[in-house]
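As you go down the protein sequences, you meet chains A and B in turn. Numbers 9 to 135, taken from my numbering, label the letters of the first sequence in order. Numbers 3 to 922, taken from my numbering, label the letters of the second sequence in order. Below is one structure, written out as structure tokens, with a few remarks after it.
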Amino acid sequence: MSQEILIVDDEANIVLSLEFLMKQAGFQVRTAEDGEQALEAMEDHPPDLVLLDVMMPRKNGYEVCEEIRRRPEWAGLPVVMLTAKGRDVEREKGLALGADDYITKPFSTQEVVDKVKEILRDRQGGG
Amino acid sequence: MLPEWSILLVSALYVGLLFGIAYFADKLGDRGRSLVNNPYVYTLSIAVYCTAWTFYGSVGLATQSGMAFLTIYLGPTLMAALWWLVLRKIVRISKLYRITSIADFIASRYGKSMALGGLAAVIAVIGITPYIALQLQAVSSSFDVLLYFPDVEAMETPRGVWDDKALYVAVLLAAFAILFGTRHIDATERLEGMVVAVAFESVVKLVAFLSAGIFVTFWLFNGFSDLFARAASHEAIQSLGLLHEIPGGYGAWLTLTILSAFAIIFLPRQWQVTVVENVNEDHIRTASWLFPLYLLAINLFVLPIALAGMTAFGPEMSPDNYVLALPLAEGHGALGLLIYIGGFSAATGMVIVATIALAIMVSNDLVVPILLRKQALSPSVDLSRLIVNIRRLLICCILLLGYLYYLLIADAYALVSIGLISFVAVAQFAPPILAGMFWKGASRAGALAGLSAGFLFWLYTLLLPSLAETGILGQGFIAHGPGGIEWLRPYGLFGITGMDPITHAFFWTMLVNAGLLWGISMFSRRGDMERIQAALFVDVFLRSERDARFWQGTATVGDLQELLGRFIGNEQASRIIYEHAETRGDRLADTEQARPELVHHVERVLAGSIGSASARVMVSSIVKGEALSFEGVMEILDATSRTIEYSRRLEQKSKELEQATQELRAANERLKELDHLKDEFVSMVSHELRTPLTSIRAFGEILLNNPEMDTAQRQQFLDVVVRESERLTRLINQVLDLSKIESGSAEWQLADVDMDRIGREAVEATRQIFSEGKTELRIEGGAGDATVKGDPDRLMQLAINLLSNAAKFSDPDHGRVRLRVDDGPGDTVQLAVTDNGPGIGESDRQRIFEKFHQVSDLQAGKPKGSGLGLAICRLIAEAHWGTIWVESEPGEGSTFICRLPRAGGEHCDLTAHVDFSGWR
């Protein structure tokens, strides 16, 4: 069974591009356009990885990440943050909140796909 | 009417309570939990001014001369306004130089003169004697009223010595004064027990008098208007001219006001509570508004009681007794008793403080100097015990004197007339003290001559006649002068008549007192000591305790300690010297030479116990060598003044520096804030640029890597790339616009702009955006003149921004946008753009004009704006002295309105008033 990626971003075009890339790489995809929608979507069954934008209405990416890390049933769920905020402090904040990686917009499509694959492989390998 | 035993019991219980309070306060004070360090206790203790005279006598005076009784309270009220100027200076001087009484103050100011101190003490004692007599008379007669009412004849009958309660009252008060007034020998140590007891009495008498007033006004009558209406119809009152003018006219008003203004400071008991017992100069501030309020409260019901008494009683009842008689006449014995206690407290408060103050004054400035001069004190005598005993004896003597005067003139005089005799006596202190505080030229000879002459005139024009009226000297003395010499008549001296006796006496005593003080001071040579003391007093605010080290001669520490020990006890003396040395870091051995500061300190401490003049004599007796010369002292004083002036200037400088630092800090904060804003702006712009760039790059790479993609999808992705590129272009343009606007008005053109035309052109320019969608665009209005002053390009930009904003948010299927230009209220032109979009919630209506604020949840699926368009609109509007706002109902669309002043108004410069700083 193929793995599922949840893409969370309020920019419809960015979601569109990521959706195409992830499907092409063989993943299943779900999307959400803000933080609250993302948490709702995860409530039924969690995805295998979350691609999470930071600047969003109704719960930003940091808050969503915190929430994910607080919930025991989502322990170990990989989170990759995507943001147009490129400063080091913001990057560190994301990692401190428990994100597995941090990708700056605009990103290289190859890099995003590789990073997602790598994290999921590590996760599987580790058990 | 009331049984004698019950009155006696209540009086005794009350005095017992007073003892208890004083004892308790003293104990607390000893344990360092002082009750007197409190502005309210201080103010209440000043209310010792209100004696039995106020309590009973004001009503008596009101029945004779109407509102004249108020002058006695008007003076102090006026003086209270000057307290910060006058009283604070007296307090500062007294604390700094350890001055314990009025006599000491005068003596010290005029070169530590024993003669002046003694004279002032004599004047004070003789002057206050009638006042003490007044209190005894009031207590005695109030007792009689309680006992015999309504038998007026029995009330007014003089009684034998042993039958008269005044004697017992005097004895009781002497006991109190001795117990709480002579605990310490150092008179600069506070008599806390006495002060607290007196403050308590001020509450009692106020409550009692207000009770009487409320009872009369609201119980006997139906309030003030009823009382005054009924009184006005009463024949006796009309004939008295009560509601008309005062006998003696304005002269008497003025005299009484000035007299009482002096009295509130120069009465020995007032001096004691306001100056000697002052703990903190700031308390004066509170007292100067609170004390006048106390006076107002205690005078509120004087006139009502006077009028009620006159309607109720005949002429055989003394009006001084109305306060007490009115409730008794209605059968309210308990209220009568309360009022009696109020009057009793008013009298006892005065007597206690006055006798203690006088005893200290006479002991320090009269008895001790005489004993020292006669060298009657052998070294073996325990001086501290002796001085305490002298004070105790003096307390008894002063009360006895008051009692004798009371016996002499008993009942011959109204209370107020007796009191005023004392007022004129203490007014004699005003010229030497006031001149001494503010005029360095006032000399000892002048003060001595003025004070003596004033006192003699007082004796002749007031005291002697008061005795004459009782029959001791014969009535002819008053009517025709001594031996029939008309121009020596005591009430018409040198042929000057037409004044009432008080005004007459005040006129003459002040004339000779102030006149001689001034005249002789102008022509007399002043001694060194006088000039030094004058400088110390007048410039007291430039002085510090360490000043005035006038001893260059030498004495050993042991000698000084022994001298001090004789007066205040060895233990205390060694403690004082040890503490003084410690604060200065000196180490002392008995045989060592004392520093000049220590000598001076010992003199000051001694002054607190035996007066400044005697202290001077005692210290000079053990110091070998001369005191400093006048020049030497003045040099020290000048140096200190210079130092103080210098340190003041330094303080000023450091304040200025501090302020400059603060300004710098504020400017720095502002810079930091601006820096932060700039960071924020850059970060926002970068975020807004990166977002479309992300889509462009992502789709670009996707298209590149997937050449076999089907045409429809390729078309979709390319479309995204184009739209996001447009978005990027728009954003970059707007950032550039913003920076252009911010660069200021210099590049802006100033022209007459027709807003109608701007509207039409903006509609043309945006027609393309609208034709792409299904939105209908209409233009309305355009009737009248719509010319404004401004930059046409900027205003066009404003209109276009509003229109493209509306295009974005109007209903996607049935969009309608309307632009309208018309007249606004006042002299303004309005441009309004209305859409039928989702509307804007209240919380967003303000913030929508901030940079990068986007109304997020209502624009799903819409192309995003830059978040700068409306912010630019606001800047343009404000630069044109206009305003911009949005009116909206969620779900029913929004209207953006920009209101600009019409051309021809006063604003011809653009942007000068707009603070762009927050934008950079």
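Built from N, CA and C at the ideal position, the CB exists for glycine as well.
Just how far apart, CA to CA, sit residue i and residue j?
i: residue 767 of chain B; j: residue 789 of chain B; result: 21 angstroms
i: residue 210 of chain B; j: residue 340 of chain B; result: 6 angstroms
i: residue 461 of chain B; j: residue 391 of chain B; result: 30 angstroms
i: residue 21 of chain B; j: residue 36 of chain B; result: 17 angstroms
i: residue 865 of chain B; j: residue 21 of chain A; result: With a pLDDT of 46 at residue 865 of chain B, under the threshold of 50, the modelled position of this residue cannot be trusted, and the question is left open.
i: residue 123 of chain A; j: residue 849 of chain B; result: 39 angstroms
i: residue 201 of chain B; j: residue 279 of chain B; result: 12 angstroms
i: residue 125 of chain A; j: residue 727 of chain B; result: 30 angstroms
i: residue 354 of chain B; j: residue 208 of chain B; result: 18 angstroms
i: residue 128 of chain A; j: residue 698 of chain B; result: 27 angstroms
i: residue 872 of chain B; j: residue 781 of chain B; result: 21 angstroms
i: residue 286 of chain B; j: residue 274 of chain B; result: 14 angstroms
i: residue 34 of chain A; j: residue 10 of chain A; result: 7 angstroms
i: residue 148 of chain B; j: residue 346 of chain B; result: 12 angstroms
i: residue 15 of chain B; j: residue 269 of chain B; result: 29 angstroms
i: residue 243 of chain B; j: residue 504 of chain B; result: Because the pLDDT at residue 243 of chain B is just 49, under 50, the model does not fix this residue reliably, and the value given afterwards should be weighed accordingly. Rounded to the nearest angstrom, the two C-alpha atoms are 21 angstroms apart.
i: residue 110 of chain B; j: residue 441 of chain B; result: 15 angstroms
i: residue 535 of chain B; j: residue 373 of chain B; result: 25 angstroms
i: residue 616 of chain B; j: residue 366 of chain B; result: 8 angstroms
i: residue 681 of chain B; j: residue 733 of chain B; result: 18 angstroms
Find the nearest neighbour of residue i within the set the options, judged by alpha-carbon distance.
i: residue 180 of chain B; options: B:679, B:25, B:567 and B:711; result: B:25
i: residue 43 of chain B; options: B:399, B:205 and B:77; result: B:205
i: residue 203 of chain B; options: B:17, B:225 and B:64; result: B:17
i: residue 61 of chain A; options: A:130, A:110 and A:81; result: A:110
i: residue 56 of chain B; options: B:137, B:39 and B:103; result: B:137
i: residue 304 of chain B; options: B:5, B:625 and B:324; result: B:324
i: residue 116 of chain B; options: B:5, B:876 and B:450; result: B:450
i: residue 845 of chain B; options: B:233, B:890, B:544 and B:695; result: B:890
Are residue i and residue j touching if we call contact CB-CB under 9 angstroms?
i: residue 899 of chain B; j: residue 887 of chain B; result: yes
i: residue 281 of chain B; j: residue 612 of chain B; result: no
i: residue 701 of chain B; j: residue 687 of chain B; result: no
i: residue 400 of chain B; j: residue 411 of chain B; result: no
i: residue 559 of chain B; j: residue 578 of chain B; result: no
i: residue 127 of chain B; j: residue 363 of chain B; result: yes
i: residue 835 of chain B; j: residue 847 of chain B; result: no
i: residue 879 of chain B; j: residue 754 of chain B; result: no
i: residue 69 of chain A; j: residue 89 of chain A; result: yes
i: residue 444 of chain B; j: residue 513 of chain B; result: no
i: residue 214 of chain B; j: residue 344 of chain B; result: yes
i: residue 175 of chain B; j: residue 53 of chain B; result: no
i: residue 296 of chain B; j: residue 45 of chain B; result: yes
i: residue 104 of chain B; j: residue 83 of chain B; result: no
Less than 7 angstroms between C-beta atoms, sequence neighbours within five positions excluded: which residues of the same chain meet that for residue i?
i: residue 862 of chain B; result: Since pLDDT at residue 862 of chain B reaches only 42, below the 50 mark, its modelled position is unreliable, and the value read off the structure follows with that caveat. Hits under 7 angstroms: none found.
i: residue 813 of chain B; result: 838 and 839
i: residue 815 of chain B; result: 776
i: residue 771 of chain B; result: 806 and 809
i: residue 893 of chain B; result: 840 and 841
i: residue 277 of chain B; result: 92, 93 and 96
i: residue 18 of chain A; result: 41, 42, 61, 64 and 65
Using a Cβ-Cβ cut-off of 6 angstroms (strictly less than) and excluding sequence neighbours within five positions of residue i, which residues of its own chain qualify?
i: residue 245 of chain B; result: Its pLDDT being 44, under 50, residue 245 of chain B is placed unreliably by the model, and the measurement read from it follows with that caveat. Cβ neighbours of residue 245 of chain B beyond the five flanking positions: none.
i: residue 529 of chain B; result: 113
i: residue 92 of chain A; result: 113
i: residue 351 of chain B; result: 50, 200 and 203
i: residue 197 of chain B; result: 38, 47 and 279
I'd like the list of long-range same chain contacts for residue i, defined as Cβ closer than 8 angstroms, with 5 residues on each side in sequence excluded.
i: residue 71 of chain A; result: 43
The segment 822 to 845 of chain B: which residues have C-beta closer than 7 angstroms to a C-beta of chain A, in chain order? none
Residues of the segment 691 to 705 of chain B with Cβ closer than 7 angstroms to any Cβ of chain A, in chain order: 692, 693, 695, 696, 697, 699, 700, 701, 703 and 704
Residues within the segment 19 to 31 of chain A neighbouring chain B, beta-carbon criterion of under 8 angstroms: 19, 20, 21, 22, 24, 25, 26, 28 and 29
Using a Cβ cut-off of 8 angstroms, which residues of the segment 666 to 687 of chain B contact any Cβ in chain A, in chain order? 685
Using a Cβ-Cβ cut-off of less than 9 angstroms, give me the residues of the segment 50 to 73 of chain A that come near chain B, in sequence order. 63, 64, 65 and 66
Which of the residues in the segment 33 to 52 of chain A, read from start to end, lie with their CB under 9 angstroms from any CB of chain B? 41 and 42
Residues within the segment 110 to 121 of chain A neighbouring chain B, beta-carbon criterion of under 9 angstroms: 112, 113, 114, 115, 116, 117, 118 and 120
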